[in-house]
Amino acid sequence: MILAVETSCDDTSAAILGRDGGLLGHVIATQDMHGEFGGIVPEVASRAQVKVIDHVVVRALAEAGTSIGDVDAFAVTAGPGLIGSLLVGLNWVKAAAYALGKPFIGIHHMEAHLFAGALEDGRAEPPFVALLVSGGHTLLLYVESWGRYHLLGQTRDDAAGEAFDKVARLLGLGYPGGPLIERLAREGDGSRHPFSTPMVRAAQREEDDDYYDMSFSGLKTAVLMRVRELEAEGRLEKEVAHLCAAFQSAAVEQLTEKTLRAVRASRCQRVVLGGGVARNGALAAAIRGRLGREGELIVPSPRLATDNAAMVARAARYRLGLGERSGLDLNAEADLPMPGIV
Amino acid sequence: MVNGADVLDGTPSARKGAWLAVDTSTPMGSVAVWRDGLVFEQAFSILRAHSELVLPAIDRALTVSGVAPGEVESFVLGSGPGSFTGVRIAASLAKGWSMARGTALYAYSSLLAVAAGCGVEGPVCALFDARRGEVYGACYDLADGREPVELLAPGAWSLPRLMDELMKREIEPVFVGEGAKAYRDDIRRRMAGARVLPDHLAVPRAASLLWLRHVAADSGKVRRVEQLEPMYVREWKVAEEGGRR
C-alpha cells in the first residue's frame, strides 16, 4: 500500500493506492483564497499547505479504511512546482516514512500526470502521445513506454493555463480563468476578432525548431491590444464573450495542431491529455475531431486531470517496482528535470 | 558542522524513551537527541538546503545516541520566527513524524531557544535579523532550573521601536542572537552599557529546546498536532509578491 502526497502548488492532496493498484482513498483540498489576488501567491499557498496537510492525510486514510502504520511505502511530489509548497509535503512525507522505517520516493510532478489516465482507463498505457497542459506547464511528449519519454515540444513562454488566467484577468473575469473563458466562449463568435494561431506556419517542417513548440505570450498581447481598442471605442463589455471565443479558438488550434503533428510523426493514434487545461471541452473536442475514428483520445476525469496525489501514487508504484528509492537527503526542486527523457 | 555531547539536567536512569529536537529557523540548523541524561547535538549550515540536510542529521544523531526512530517519545520543535521556508521545514517534519507515530509534540519559539542557550540568568532579549530593517525579537526572564518567564512576546520590530518598548517596560536585558550581532552598535547607542553576547551564542540550538522540554513541558505541549502552524510573527503582505499567474 502506497501513501502519496502532492503539494506542488495550491492543492493539498493525499492518496492511498492498494497493493493491487486500486485507488482506496483520495482527498484534494483546493485553496480558494487566490482569486482575490488574481493568481497564486506562493507564500500564501505555502502557509495554507502547512495548515491542511494533516487533515488531508487523515481523511485519505479514513476513506481507505486503513491506518498509516499499514502503509508499505510513501511517495511525494519532489518538483517541479512552488518551492515553499513542495517543501511542506516533502518534509512531512520524509519524516513520516523515516519514523515508521518505511521506504519513500520523490516523484516528478509531470511524470505523475502521465500516469493519471492509467488510474481509470486501461487504454492509457504506452505508447501514446501526451499533451500536458496546466497553469504551470505545457509539454508535448511521445511516451514510448513507462520511463521512456520523447520530449517533442513545450511552451517557449507562458504555460497554456497561465495564458487563460492572464487573458481572464485582462477581461476582468476573475481567477482561475480557464473555466470562465470556456463558459463565455460558448456564447461568443470568435470570428469577430480573429487572432492568428501562434507558432503555426504554412511551410513549417519537422526540422524547424518551432515545429512542436508552443507560445502563448504573443496571443495574450494581441488580446490586450484588442481590449485597449475596444475600451477606447467603449465597446469592450459587449465584446467580452467574442474575445473569449477568439482567444480560446487560437489557443486550442495551436495545441491541437502540435498534438496532431506528434501523432503523425510517431504514428501513434492514442493521445492522453493531462493537467488542468485538459478539462477544457473545446480542446478535447478539437483533438478528437482531428484524430478521427481511428484515433483514441483519453481525457482523465477532472479530479485526476488537475493536481492530485493519486497520480503521484500511481507513478510511485511504477518507480518503486523498479526498485527505486529516495535517500534521506531528498530535496524539493522548483525546476526538477523530468526523468526518463530520451 | 558542530557535534557535541553534554549532560542535560536530569537524573540518568534506566533506559527510557528519547527526545528529539529540531530547529531550522535560521541559516544554522540544529538537531539534538536526549536519552538517559545524555545529549547529542549536530548543527548544519544552510549553505546546502536545510531540507536536504536535516533528516540525515536526525538519522546520525539518533544512530550515535543508539535510539531507534520508534523510541522517540517527544519531538521538540523550534517553531520560529525566522526564515518562512525554514520554519515550515521543521514544522512539516514534526507534523509528519508525530502523525505517523503518535509521538508527543512540543513547540517553543526559536527566539526562546537562543535565549535559553546563552547561559545568562535574568532578562535576555533574543533577536533575529528579519531583514527589511526589522528584527524578530522577544525577551525572557531566565533562571536555572525553572521555566522561563516571557517578558516580551515574539514580534517583528524596527530596532528603535523595540528599544523604546524595552525602556518603557524598564527591561534592561542582555542581547543575543544574529539580530543582536547585526545591530550591535545601534543597540549600544540606544541603551548605554547594553551587553551583546558573542556570536557563537547567536544560534538557536536544538539542545536548548530539549532543556525547555525538561523545564517547561506543559507550556510547550502541542495538544492538536493538526492545528500546529509555524510561528511566522510577520503577516505576509500580498501586495509585495502579487499573484504569480
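So the sequences go chain by chain: A and B.
Following my numbering, the numbering of the first sequence begins with 145 at its first residue and continues without gaps.
Following my numbering, the numbering of the second sequence begins with 119 at its first residue and continues without gaps.
Positions of the beta carbon are idealized from the N, C-alpha and C atoms, including for glycine.
Coil, strand or helix - residue i by DSSP
i                      : result
residue 236 of chain A : helix
residue 412 of chain A : coil
residue 323 of chain B : coil
residue 153 of chain A : coil
residue 318 of chain B : helix
residue 386 of chain A : helix
residue 433 of chain A : helix
residue 261 of chain B : coil
residue 219 of chain B : helix
residue 183 of chain A : coil
residue 334 of chain A : helix
residue 130 of chain B : Because residue 130 of chain B carries a pLDDT of 40, less than 50, the predicted location of this residue cannot be relied on, and no value is offered for it.
residue 483 of chain A : coil
residue 473 of chain A : coil
residue 367 of chain A : helix
residue 372 of chain A : helix
residue 134 of chain A : In the structure displayed, chain A extends from 145 to 486; residue 134 of chain A sits before or after that span and is not available.
residue 120 of chain B : Residue placement at residue 120 of chain B is poorly supported in this model, since its pLDDT is 33, which falls under 50; the coordinates still yield a value, given next. DSSP places residue 120 of chain B in strand when its eight states are reduced to three.
residue 135 of chain B : coil
residue 204 of chain B : helix
residue 210 of chain B : helix
residue 345 of chain A : coil
residue 144 of chain B : coil
residue 171 of chain A : strand
residue 327 of chain A : helix
residue 308 of chain A : helix
residue 281 of chain A : coil
residue 125 of chain B : With a pLDDT of 43 at residue 125 of chain B, under the threshold of 50, the predicted position of this residue should be treated as unreliable, and no value is reported.
residue 292 of chain A : strand
residue 228 of chain B : helix
residue 158 of chain A : strand
residue 418 of chain A : strand
residue 148 of chain A : strand
residue 192 of chain B : strand
residue 300 of chain A : coil
Cβ-Cβ distance between residue i and residue j below 8 Å
i                      : j                      : result
residue 312 of chain A : residue 325 of chain A : yes
residue 254 of chain B : residue 277 of chain B : no
residue 159 of chain B : residue 325 of chain B : yes
residue 250 of chain A : residue 474 of chain A : yes
residue 330 of chain B : residue 293 of chain B : no
residue 415 of chain A : residue 441 of chain A : yes
residue 283 of chain A : residue 298 of chain A : yes
residue 338 of chain B : residue 226 of chain B : yes
residue 277 of chain A : residue 183 of chain A : no
residue 482 of chain A : residue 256 of chain A : no
residue 430 of chain A : residue 400 of chain A : yes
residue 138 of chain B : residue 194 of chain B : yes
residue 302 of chain A : residue 360 of chain A : yes
residue 453 of chain A : residue 157 of chain A : yes
Sheet register partners of residue i (DSSP bridge)
i                      : result
residue 392 of chain A : Beta-bridge pairing links residue 392 of chain A to no other residue.
residue 243 of chain B : B:257, B:293
residue 153 of chain B : B:156
residue 237 of chain B : Partner(s): none; residue 237 of chain B has no beta bridge.
residue 286 of chain A : A:273, A:294
residue 249 of chain B : B:252
residue 177 of chain A : Answer by DSSP bridge pairing: none, since residue 177 of chain A is not bridged.
Residue-level contact to chain E via CB, residue i, 8 Å cutoff
i                      : result
residue 212 of chain A : Looking at the structure shown, chain E is missing, and the protein chains on hand are A and B.
Hey, which unbroken runs of the alpha helix (DSSP H) at 4 residues or more fall wholly within the segment 191 to 276 of chain A? For the segment 191 to 276 of chain A, whole alpha helix (DSSP H) runs of length 4 or above, ordered along the chain, are 227 to 244, 253 to 260.
I'd like the ranges of any alpha helix (DSSP H) spanning at least 4 consecutive residues and lying wholly in the segment 439 to 468 of chain A. Fully contained in the segment 439 to 468 of chain A are the following alpha helix (DSSP H) runs of length 4 or more, in chain order: 446 to 449, 453 to 465.
Proximal residues, the segment 219 to 248 of chain A versus chain B, C-beta separation under 7 Å: Hits within the stretch, in order: 228, 231, 232, 234, 235, 236, 237, 238, 239, 240, 242, 243, 244, 245.
Under 7 Å (Cβ pairs) to chain B, residues found in the segment 444 to 467 of chain A: Taking 7 Å as the Cβ-Cβ cut-off against chain B, none of the residues of the segment 444 to 467 of chain A qualify.
Whole runs of the beta strand (DSSP E) within the segment 264 to 348 of chain B, excluding any shorter than 3 residues: Taking only runs of at least 3 residues, the beta strand (DSSP E) segments lying wholly in the segment 264 to 348 of chain B are 267 to 276, 292 to 294.
Counting only Cβ-Cβ distances shorter than 9 Å, please list the residues of the segment 180 to 204 of chain A near chain B, keeping chain order. Taking 9 Å as the Cβ-Cβ cut-off, the segment 180 to 204 of chain A approaches chain B at 180, 181, 182, 183, 184, 185, 186, 187, 188, 189, 190, 191, 193, 194, 195, 196, 197, 198, 199, 201, 202, given in chain order.
Pull out every residue of the segment 183 to 213 of chain B whose Cβ sits closer than 7 Å to any Cβ of chain A, in chain order. Answer in chain order: 187, 202, 203, 206, 207, 209, 210, 211, 213.
Against chain A, which members of the segment 235 to 256 of chain B pass a CB distance test of less than 7 Å? Going along the segment 235 to 256 of chain B in chain order, one finds no residue with a Cβ nearer than 7 Å to chain A.
Would you list, in chain order, the members of the segment 389 to 414 of chain A that have their beta-carbon closer than 8 Å to a beta-carbon of chain B? Of all residues in the segment 389 to 414 of chain A, none has a C-beta nearer than 8 Å to a C-beta of chain B.
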